[in-house]
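Working notes, beginning with the structure itself.
Chains as they are written, first to last, in our numbering: chain A, 528 to 1229; chain B, 102 to 856.
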């Protein structure tokens, strides 16, 4: 196929990139943008596609006839956030139906902001995902060793299912204790549901997320069921529209695991699409890191939006994963790239604290937005501070789509600053420093928790605010190189990441095996998981010879809780294979937690086996992407006064899209792109890399 | 202000308490870094404050990661950053009282050891002496001095729970210890790491005390790595901003906490608030209860905290040392009144004077047994929570931050061997899923967890079954376990287990305060206490038959059994065999306000959701769908309660000040030339301004089993315990409810100071 299309639907805009892989100079890129059209997002999808096709002088139909279509789909996320999900009934083992109400007590607060954790009187639990009236207990029991100590009581189960169906549930989630060790009861229950109510969406925990831990597994299963019907509805409509316009291929959907899955799998496991937006950005960064933009394959990413900062980590060119994600206070199992959100962004509100200004974590978001947007925002935000400091051209913010009103922002900041004897500009500078330090602290904590030292990394800053903060965050962290990737594409960055993704399917088995490990059991699991992965990838249209399988095991020391996932060899295990797996685990454990930190005398536990299958969906490499050199050496567009940490300085402003590869400049300077603004502080320098990325060299700490 | 006599409070017999002039005894050769930047840029302040918070969190993370211990993974530790003279700058959102000993231990070290063996760069001290710095011996403190420019700049410290440090019962909770010689080993502060090098001899000595030396060695390594990490980061911070600037920020944080606390105190009228709590069974099966009392006198911007009225210590495990008592108090202040400071509560202590009577249960002298008594710290925190909440009820500004006490801590330990011959012996920490107390504006959170440790969590059932050879038959939210009230306490849990692939299994029970006899969380301002919990074994049940018939029990009581064996609050090992079911309840939180004030729709909803039983709805809330008069009848029945006969010597002249609400149902107001305490609903005079409002109330004394689902305390203790209810004689609103030993005079609860 000549064209690769990546589409990313956001709350406000739908972005699309169309790559022409047969262009003269490698790969030609066009961006299409359209307003999102909730609740029928497929309409905005087609509009964006049409715009992208126009860039290549194509009709929508002509494009679709020879394109692969990759899609970052937020329908599930939106349905959850807006509470427009299916009515779900839950079946759990008798005695354990309360797991999603108990929420492991204080564990629910783990990812909440510190202000919330500290204020005990204001803490609460969210509304339950499944109301009590729709929870049914099933008489059956499997033990940790997989033994069915109570057989499934089918008569009572049928009655329970009928009760739920009579109450009008639109989907059923089934999550039984130790279904990871023996899924037969879950499967049988699904058969019963299919028999009683053939059209209901059913999800079972051993297939949604086969990890040990019933609370997080049940939440994953419930969320999957909640968004199953809306996802099914959306994909049917979208695929209908695409087919009507000549598309005969299979729609590929971005998953939070960091790769593409086909739409059939997205229909049965929609939970995999939640959080795929930020993950796509991290995949784009991973791609770029492999070309060593910034000089390292160790990259920490800062995706700065209006409300949140999303942090991702790439180590030796491989993005770091984690086994859980969160929906508010609900934590659930899903194999995802580790992207952590903190409440820090352009919309973060600036307030007067007792001794100093405080920034965030609450945000004015898009509505009412910063004061300077003139949409009714009354509270000053980071964007207001940036505008006041001269970082933004009031007439060219967001490519001129929003005109900034500086005076009201100045007024509000002046009032705030007065508390501390600061002028409006001083207050703005103070807020800017505080938010930069906050972002850097959050990144530092993330890396420290992952066992890394920030100074071994380069920073990639993207999202609308990436260019504004990248240099200062890097400086705080002692990082010398900050990259604003493909600055021209800033707005289409997620869509680009989607277009650059491979197919990726994971299959895992939750285990509870004590050492010495039996290689026969391991082999049996490998073969079973491999077969499932190959089957799914074949359905996705990947040729067998293109599939790359990788094997991963998760172990812990018997008396310690840290579970460590490691890459291990595939093939047939014998005693030697087991030994090598253990050795890899022990080495990684030491790397993460320090020499001698593991206690091997009491043995080990194998907690999970996973097979991942990769298949190429396109052979687009970032370095081949042709961005087009718009103009010759372009002088400073103009100069304006900008307030830097070192003081007020007249600063050259460059129009980013007209800068050639190889161009460079010493700070102070500002590079303006339609969707992002890049600060080059005094003492720092900027250069345009071959990929079109802006590379900042950051001086010492100021 | 009390000036503890340094000779008496030396940590030998009485607990160590630094005297006002403790610094005078620090060796002059130990230079303290006391330089403070004269001007602190507010932005620098905020940036440094954030960084200290982040460093402290990463310190904690370092500990859990390196140790990998399931105990530390449940966050049974806490870590702090302190100034050179041991003011707490930063504490963490884990168990609040746990590192309260750091300032004491560090001051002790500075006072006693600054000459020899000296305090040097790279040193790390270790201590688990409960008369100096440890809440009990199992929570071992590690403190690292931080040097900048050759001077002592500050301290990084953590305290964490160990697997085992000897003593007569594995795990360190000996309930049958008469004195400290049966407890785990006691180690006064010693320098374990000298100028960066571990003293191998002392490490060996330390590990030698444990039944599980390898595991303790891992935790030792983790805790040392934690303080080292924090120390390095703070030194770097000083390198970047200048030590004097960082110190200025630290001082300002401490001052800020002090100032914020001071301002809040000023919004509360002067007076004294008192709470009486009991602690059962000094020794297992001793069938008696003992009394503690906590009084907080607030005058202007200061608090005086006293334990007068507390019983003298006796042999057994009912006592806590001074550090635990004081830590319980500051821990609760931290989460209730200083949440804006994010656990940087340090400065609040400057506003507090402790009047501790040594030799009593809440300030035990050496050589009392203390390790098994640590759960009574929760009892004290609940007492402080009740007192502080009632104080905050007298402040419009603070009323929204009231939380009723949560449950007492129930801690069963399972010990034995699985069928592979592997030993197990750890506590089930489901106590961390207790219900939280009601608030002034809403219900407590069901299985929300204790207010004194917001992040503490419970394991998944599947994890429990990996660690122990058991089947967890049920783990349910427990109806009626929260205290009733206008706002009810959150419900706790009910857990049932049976052995599975076990060779042997014994159950050991440990309980704080009155948790297994009389009550869990106190009720506030007319709300009811939450009922006590229980431990029970149903021996020889028909479980196997039931399971073979494809059924599971709903509770341990809907299945036939040969015998029902109730385990007391403290017991040292009862076998659990195949076919037996062990059930325990984790309590709920206390209620707030008169249950008859509860919106009937909420009662109906609670019944529908199974949060309360129809019986409780009828008997406590007067809610009966069939009988619309049930509520008014219940209210009218209070008219038969007895009037207290009290003298009224507390007349205070009218002040002309506006009315002041001092309680959900009581207001201070001028009436006929007198300042009185009157019912806020009907205006009935209850007492003179500086009297006890209970004096004018109607009272009744009923059995504790009146509380829905409450067990009879007589099962375990011979002292007769009663529930006392108080109502306004005018409108019959229930204004107070408390639990007392029969014959005790009415608890005053509060008495305002006449100006």
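In this text, a Cβ means the ideal position worked out from N, Cα and C, and glycines have one as well.
Closer than 7 Å at the beta carbon, the chain A residues around residue i
| i | result |
| --- | --- |
| residue 171(B) | 1088 |
| residue 533(B) | 632 and 633 |
| residue 559(B) | 631 and 632 |
| residue 444(B) | 645 |
Beta-carbon separation (whole angstroms), residue i vs residue j, contact threshold 8 Å
| i | j | result |
| --- | --- | --- |
| residue 633(B) | residue 812(B) | 6 Å |
| residue 750(A) | residue 918(A) | At roughly 39 Å, the Cβ-Cβ gap does not stay under 8 Å, so residue 750(A) and residue 918(A) are not in contact. |
| residue 912(A) | residue 955(A) | 4 Å |
| residue 689(A) | residue 1147(A) | Contact doesn't hold; Cβ gap of about 52 Å is too wide. |
| residue 692(B) | residue 588(B) | 7 Å |
| residue 561(B) | residue 742(A) | 5 Å |
Inter-residue Cα distance where the pair is residue i and residue j
| i | j | result |
| --- | --- | --- |
| residue 720(A) | residue 606(A) | 24 Å |
| residue 1033(A) | residue 1069(A) | 15 Å |
| residue 873(A) | residue 996(A) | 10 Å |
| residue 1177(A) | residue 1168(A) | 4 Å |
| residue 1212(A) | residue 777(A) | 45 Å |
| residue 658(A) | residue 689(B) | 21 Å |
| residue 1172(A) | residue 980(A) | 26 Å |
| residue 845(B) | residue 126(B) | 46 Å |
| residue 555(B) | residue 1042(A) | 36 Å |
| residue 1159(A) | residue 587(A) | Residue confidence is low: residue 1159(A) scores 47 on pLDDT, short of 50, so the model does not pin down where it sits. Its coordinate-derived value is still stated next. If you take the alpha carbons of residue 1159(A) and residue 587(A), they lie about 33 Å apart. |
| residue 1094(A) | residue 521(B) | 30 Å |
Cβ-heavy atom distance, residue i to the ligand FMN, below 7 Å
| i | result |
| --- | --- |
| residue 634(A) | Questions concerning the ligand FMN fall outside what the structure shown contains, since it holds no ligand whatsoever. |
Chain-ordered neighbours of residue i on chain B, where CB pairs are closer than 8 Å
| i | result |
| --- | --- |
| residue 652(A) | 546, 547 and 549 |
| residue 884(A) | 143, 144 and 147 |
| residue 1140(A) | The contacting residues do not exist; residue 1140(A) stays about 27 Å from chain B at best. |
| residue 961(A) | 144, 147, 148 and 151 |
| residue 628(A) | 547, 548 and 578 |
| residue 816(A) | Under the 8 Å cutoff, chain B gives no residues; its nearest Cβ is about 25 Å from residue 816(A). |
Partners in chain B for residue i, counting only beta-carbon separations shorter than 7 Å
| i | result |
| --- | --- |
| residue 646(A) | 440 |
| residue 704(A) | 562 and 563 |
| residue 741(A) | 561, 562 and 563 |
Per-residue contacts from residue i into chain A (C-beta, under 9 Å)
| i | result |
| --- | --- |
| residue 501(B) | 648 and 649 |
| residue 616(B) | Near residue 616(B) there are no residues of chain A at all, since even the closest Cβ is about 17 Å away, more than 9 Å. |
| residue 159(B) | 971, 972, 975 and 976 |
| residue 319(B) | 1086, 1087, 1123, 1124, 1125 and 1126 |
| residue 651(B) | 666, 667, 677, 678, 679, 680, 681, 682 and 683 |
Partners in chain B for residue i, counting only beta-carbon separations shorter than 9 Å
| i | result |
| --- | --- |
| residue 824(A) | The contacting residues do not exist; residue 824(A) stays about 24 Å from chain B at best. |
| residue 670(A) | 566, 572, 601 and 602 |
Residues that residue i contacts on chain E, provided the C-beta gap is smaller than 7 Å
| i | result |
| --- | --- |
| residue 462(B) | Going by chain labels, chain E is absent from the structure shown, which instead holds the protein chains A and B. |
Amino acids of chain A, ordered along the chain, whose beta-carbon sits closer than 8 Å to that of residue i
| i | result |
| --- | --- |
| residue 711(B) | 659 |
Residues bridged to residue i (per DSSP)
| i | result |
| --- | --- |
| residue 182(B) | 191(B) and 257(B) |
| residue 562(A) | 540(A) |
| residue 1007(A) | Residue 1007(A) pairs with nothing; no bridge assigned. |
Original post:
Hey, is the segment 210–220 of chain B in contact with the segment 166–181 of chain B, meaning 3+ C-beta pairs nearer than 8 Å?
Top reply: no
Original post:
Between the segment 1060–1069 of chain A and the segment 1138–1146 of chain A, do three or more beta carbon pairs fall short of 8 Å?
Top reply: yes
Original post:
Is there contact here, the segment 557–571 of chain B with the segment 609–622 of chain B, by at least three beta-carbon pairs under 8 Å?
Top reply: no
Original post:
Hey, is the segment 118–133 of chain B in contact with the segment 1207–1227 of chain A, meaning 3+ C-beta pairs nearer than 8 Å?
Top reply: no
Original post:
Pairing CB atoms from the segment 876–893 of chain A with CB atoms from the segment 823–837 of chain A, are three or more of them under 8 Å?
Top reply: yes
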